Amino acid sequence: MIHSLNRRASMYGALFAMIPKMFMAYQLWFWAGLVMNIISITILYFFWDAIYANATIISGLTREQTLNYVLLAFFFMPLVSNDLLWEFGSNLREGLMIHHLLRPVNFQAMNYAQQLGGLVTRMAFQLPIMLLAMFLFDMQFPADLNTWVAFLLSALLGFTAMFFFSWLMACMAFYTTEIWGLGVLLEGITIFFSGSLVPLAMMPAWLRGIVLSVPFAQALAVPVGLLAGITPVSDAPRIWLIQLGWIISMWILSNLVFRVAVRKITVQGG
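Position one of the sequence shown corresponds to residue -8 (the numbering used here), numbered consecutively onward.
The following block contains the structure:
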């Protein structure tokens, strides 16, 4: 049994490690993305700085709290950035899906390992943005160890819940021959409902209720709220339980939908 577990860990570890190599094979992506991120974070900072020009506190948040939150949220955007829908669409279009399904590995676990590898790689690529935000925009990280533990566990749980939800959305690729429009729509919804642009505390109660009823915020706004000091660390156990509930429900639903959707597979490639 131990040998079997070690073999599986080694197999999924190899899938995890494959993603950084794929990213580094296309260095132009890195430089183009870096330039766009620098422009985006600069606009975001001065936008919120201008909003606080005539106010000291908005919705219970000071200028420093809000700016620190939006900078941290921008830095940790990879938590909600995954390309499952695009991967499904590409694999179906090129006729590769059947090959993946025939491999002697759990298809969902394989993708989770790859997405986790993608998360680590994207976070590494965000380091120049972190340095820029720290030295130019005074982004602050907490010194308290408990805050970091609460954040890291919440971030992992939120990322996992988001993965299963994205898997659910990716199953829609089985029912269409072109996923570009759906992918762009989903990306826009993710950016807003994750709380990356506007802190949840500033949203109207009805809108905040909607945002918290979908898993996007669980992957970004909730853990970043802990890291930014907006949400007290004492709330962490309750947050973890909620996120665990999301994981279980999304895991069950995503597997049920996948079993139905995969029967609709249409191979377009050779």
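Note that the Cβ used here is the ideal one computed from N, Cα and C, for glycine as well. Fair warning: this is a prediction, and the values are worked out from it, not measured in the lab.
Reduced DSSP secondary structure (H/G/I, E/B, other) of residue i
{"i": "I256", "result": "coil"}
{"i": "N246", "result": "helix"}
{"i": "E78", "result": "helix"}
{"i": "T33", "result": "helix"}
{"i": "Q209", "result": "helix"}
{"i": "P195", "result": "coil"}
{"i": "P119", "result": "helix"}
{"i": "G186", "result": "coil"}
{"i": "I221", "result": "coil"}
{"i": "T112", "result": "helix"}
{"i": "M27", "result": "helix"}
{"i": "V251", "result": "helix"}
{"i": "Q131", "result": "coil"}
{"i": "A161", "result": "helix"}
{"i": "S145", "result": "helix"}
{"i": "V202", "result": "helix"}
Strand pairing of residue i, partner residues [DSSP]
{"i": "I49", "result": "L52"}
Selected residue, minimal CA-CA separation from residue i, among the options
{"i": "L244", "options": "Q106, R254, C162", "result": "C162"}
{"i": "G109", "options": "N73, L136, R94, F98", "result": "N73"}
{"i": "F150", "options": "P119, L107, L159, V202", "result": "L107"}
{"i": "L25", "options": "A227, F155, F116", "result": "F116"}
{"i": "L191", "options": "L177, I42, L211, G179", "result": "L211"}
{"i": "P69", "options": "N45, M114, L35, D40", "result": "M114"}
{"i": "L123", "options": "E55, F249, S31", "result": "S31"}
{"i": "T167", "options": "F79, V111, R199, A152", "result": "F79"}
{"i": "L148", "options": "M121, W22, I239", "result": "I239"}
{"i": "G220", "options": "M101, Y103, L136", "result": "L136"}
Contact belief for residue i with residue j at Cβ below 8 Å, rounded distance in angstroms
{"i": "M194", "j": "I49", "result": "Rounded, the Cβ-Cβ distance is 12 Å, inconsistent with contact."}
{"i": "T138", "j": "L218", "result": "7 Å"}
{"i": "L75", "j": "S187", "result": "Their Cβ separation, rounded to whole angstroms, is 19 Å, which puts L75 and S187 out of contact at 8 Å."}
{"i": "R237", "j": "Q209", "result": "One point to set straight first is that residue 237 is Trp, not Arg, in the sequence displayed. That pair is a contact at about 6 Å."}
{"i": "V224", "j": "F165", "result": "No, V224 and F165 are not in contact; Cβ-Cβ is about 42 Å, not under 8 Å."}
{"i": "F155", "j": "P214", "result": "In fact, because the Cβ distance is near 17 Å, the residues do not count as touching under 8 Å."}
{"i": "Y43", "j": "R54", "result": "4 Å"}
{"i": "I256", "j": "M101", "result": "No, I256 and M101 are not in contact; Cβ-Cβ is about 17 Å, not under 8 Å."}
Beta carbon proximity, residue i to chain B, threshold 8 Å
{"i": "A41", "result": "This model lacks chain B altogether, as it is built from one protein chain only."}
Query raised in the report: Are the stretch 162 to 181 and the stretch 228 to 236 in contact at 8 Å, needing three or more beta carbon pairs?
Result: Short answer: they don't touch.
Requested in this report: Decide if the stretch 57 to 75 is in contact with the stretch 128 to 139; the criterion is three or more beta carbon pairs, one per stretch, under 8 Å apart.
Outcome: Taking a cut-off of 8 Å on C-beta distances, the stretch 57 to 75 touches the stretch 128 to 139, as three or more cross pairs fall below it.
**Report entry** the stretch 80 to 91 contacting the stretch 195 to 207, beta-carbon criterion three pairs below 8 Å
**Finding:** no
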